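Encoded as structure tokens, the structure appears first; notes follow it.
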Amino acid sequence: MKAIKWFFILLLVVAATALLAFGPRTDESLPKQRVVIDYWEKWTGNEEAQMRVIVNDFNNSVGAEKGIFVRYVSSSTINQKTLVATAAGVPPDIAGLFEVNLVQFAAMGALEPLEDMARERGITASYYKPVYWNGINYDGHLWALISTPSVAVLYYNTRIFHENAATLRAAGLDPDQAPRTMDELDAYARALTTRDSNGRVIRAGFLPMEPNWYVNYVCYWFGGTFWDEADRHFTLQSPPVVKAYQWIESYASWMGRDAMSDFRNGVGNFDSPQNAFLAGQVALEMQGPFLANFIYHRKPSMSTVLWPRDVEMTKSPTERLRNYQWAVAPFPSAVPGLKNVCYCGFDALAIPRGSKHKKEAFEFIAYVNRQDVMEKLNKLHCKNSPLAKVSDDFLNNHPNPYIRVFERLASSPNAQSVPQIPIMPEAVDDLNALSQQVSLLEVQPANALAKLQVRLQAQYDEFSRQQRVRGSTAY
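Take the sequence shown: its position 316, counted from the start at 1, is 316 in the working numbering, and no numbers get skipped.
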């Protein structure tokens, strides 16, 4: 089984490195008479610093009162390092996980269930928006609470729209309106794509593979899914999934495989001013609410058209929109009448199995999930809230001027989260590889999906068999 093999290879190669990287479990410089909670998180840069604000707030308030000190460590490859440390019997007390890893960790017995502690704090299904609550519950247990959520939407560059108003109108499109259907999106993409005299793409209107973080979930906008939760089977051959990959293929077909590949190879890093959307290399992009945070820090001129930020925040929510060269809208559906479809991801706070301080660790997790703290953190990250209730201040004074769009979509009955598949990391890797092959016209979507269906189902069945043998106690 690929997942198990990878784990043991990782254990042998990375164990010493991981333990050295995180240092000793005690520190003479820490405050005395407190329980020290080790919290490992994957964020870097501004997002890491913004979460540190919340950690410091806790340590100086609730932590000081209850004798708890959270030691916060930011590290890459947090998922692998958490598995290694858990297997070695020295896990962190809190791990900040991606949504795609949560169910696998739970199925492998690497996490502590949290429902009893959550219930004691009044954190039940009614406390969360359904899409997020469903994402953190699996097999009858609550495995994490959320730190920050996301919603995939359509960003579009309003400056590019207005500068190309005549071209858009000639194509029957409105330069003051976001695409409302998938067909309209494709039309905007064609109209706004420009080339040089050699046929090289200078600007892409839209690309399914830029930045391709959500491309595996495009089938949601075609009215389908690649996993049947009731039957626990992949559904990669279902018509909506096939149509989604044929849509990805269509961009390479009309743009030209080499032209599209060359263009994608030339875009800059996400966290830089050369980010394709920030640099104006793509006019429309599927992305989450956090992109606003990166725009503010990497290309602030896109958000200060009329006023500096401090002046803008004194304006009404409607007036504020005039200050931006970008806007957001629901990503359009390919199915007539299917509206407000979205993929809702999240970052999760979980307690690894074997934590020595579960009660104290949950004290911090519950603190982050207080409405006032949750709203402070997600205003810092420019994200929406996973909670059912949000304050007027959160909506009216949020740094992301389109926060109401994200909140509305996350509350939609057509909002969907990550499929609860114990081999989801492996599935994501295979689906990413497939979308790349499709975008390069190397495979025919229906045939490739049929082959991947067989392979992934076999992997899932084998994983399930091994877990039954182990009794879900891999550690």
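Cβ atoms here follow ideal geometry from the backbone N, Cα and C, with glycine treated the same way. Being a predicted model, the structure only gives us computed values, none of them experimental.
Excluding the five sequence neighbours on either side, which residues of its own chain have a C-beta within less than 6 Å of the C-beta of residue i, listed in chain order?
i: Thr181; result: Pro332
i: Val479; result: A question about residue 479 goes unanswered here, because the residues of the chain that appear run from 1 up to 475.
i: Tyr460; result: Ile423
i: Thr26; result: Low per-residue confidence applies at Thr26: pLDDT is 39, beneath 50, and the placement is therefore not dependable enough to give any value.
i: Asp228; result: Thr235
i: Pro24; result: Residue placement at Pro24 is flagged as unreliable, the pLDDT there being 39, under the threshold of 50; the coordinate-derived value follows with that caveat. Excluding residues within five positions, none has a Cβ falling inside 6 Å.
i: Thr124; result: none
i: Ile78; result: Trp40 and Lys42
i: Pro239; result: none
i: Cys382; result: Pro289, Phe290, Ala292, Asn293, Pro399 and Asn400
Just to confirm before moving on: does the CB-CB distance between residue i and residue j stay below 8 Å?
i: Trp247; j: Val218; result: yes
i: Ser147; j: Leu377; result: yes
i: Ser417; j: Gly135; result: yes
i: Ala410; j: Val131; result: yes
i: Ala350; j: Leu284; result: no
i: Tyr251; j: Leu207; result: yes
i: Asn164; j: Gly280; result: no
i: Phe394; j: Ser150; result: no
i: Pro91; j: Tyr39; result: no
i: Ser439; j: Met209; result: yes
i: Pro386; j: Tyr214; result: no
i: Phe222; j: Ala187; result: no
i: Val311; j: Gln325; result: no
i: Asn275; j: Val428; result: no
i: Thr86; j: Arg465; result: no
i: Asn369; j: Pro289; result: no
i: Cys342; j: Ser261; result: no
i: Ile37; j: Ile68; result: yes
i: Glu249; j: Pro445; result: yes
i: Phe263; j: Phe58; result: no
i: Val100; j: Pro425; result: yes
i: Asn414; j: Asn340; result: yes
Leaving out the 5 sequence neighbours to the left and right, which residues in its chain are closer than 7 Å to residue i when beta-carbon positions are compared?
i: Asn396; result: Pro317
i: Val241; result: Cys219, Gly224, Phe226, Thr235 and Leu449
i: Arg52; result: Tyr72
i: Thr194; result: Ile202 and Arg203
i: Gln467; result: Ala107
i: Pro113; result: His141, Leu142 and Trp143
i: Met117; result: Phe362
i: Leu380; result: Gln50 and Val53
i: Leu119; result: A small fix is needed here, since residue 119 is Arg in this sequence, not Leu. Within the same chain, Arg119 has no close Cβ partners at all.
i: Val373; result: Ile54 and Tyr367
i: Asp196; result: Ile202
i: Arg404; result: Leu395
i: Ala15; result: Reliability of the predicted coordinates at Ala15 is poor, the pLDDT of 46 falling under 50, and the value obtained from them is presented with this limitation in mind. Within the same chain, Ala15 has close Cβ partners Val84 and Ala88.
How far does the beta strand (DSSP E) with residue i in it reach, from first residue to last?
i: Ile423; result: Here Ile423 belongs to no beta strand (DSSP E), and DSSP marks it neither H nor E.
i: Phe98; result: Ile94 to Phe98
i: Val73; result: Ile68 to Ser74
i: Val35; result: Val35 to Glu41
Starting from residue i, follow the alpha helix (DSSP H) in both directions and report where the run begins and ends.
i: Gly45; result: Gly45 to Asn60
i: Tyr460; result: Pro445 to Arg470
i: Val368; result: Lys358 to Val368
i: Val267; result: No alpha helix (DSSP H) contains Val267, which DSSP labels as neither H nor E.
i: Leu83; result: Ile78 to Ala87
Tell me the DSSP bridge mates of residue i?
i: Arg257; result: Looking at the DSSP assignment, Arg257 forms no beta bridge with any residue, so it has no partner.
i: Leu111; result: Pro352
i: Gln416; result: Tyr343
Who are the near neighbours of residue i in its chain, counting only those whose CB is closer than 8 Å to its CB and skipping five residues on each side?
i: Gln457; result: His233 and Phe234
i: Ala327; result: Tyr155, Tyr156, Thr158, Ala178, Leu321 and Tyr402
i: Ser76; result: Lys42 and Thr44
i: Arg470; result: Gly109
i: Asp430; result: Leu452, Arg455 and Leu456
i: Leu434; result: Tyr245, Val443, Ala448, Leu449 and Leu452
Examine chain B for any beta-carbon lying closer than 8 Å to the beta-carbon of residue i, and answer yes or no.
i: Leu456; result: In the structure shown, chain B cannot be found, because there is only a single protein chain.
Give the list of continuous beta strand (DSSP E) stretches no shorter than 3 residues that lie fully inside the region 117 to 205.
Complete beta strand (DSSP E) runs here, min 3: 145 to 149, 153 to 157 and 201 to 203.
Start-end ranges of the beta strand (DSSP E) lying completely within the region 226 to 254, minimum 3 residues:
none
What residue ranges within the region 269 to 351 form continuous beta strand (DSSP E) runs of no fewer than 3 residues, ordered along the chain?
Runs of the beta strand (DSSP E) inside the region 269 to 351: 284 to 287, 326 to 329 and 346 to 350.
Can you check the region 375 to 408 for any alpha helix (DSSP H) of at least 4 residues that lies completely inside it and give the ranges in chain order?
Counting only runs of 4+ residues, the alpha helix (DSSP H) found wholly inside the region 375 to 408 occupies 392 to 396, in chain order.
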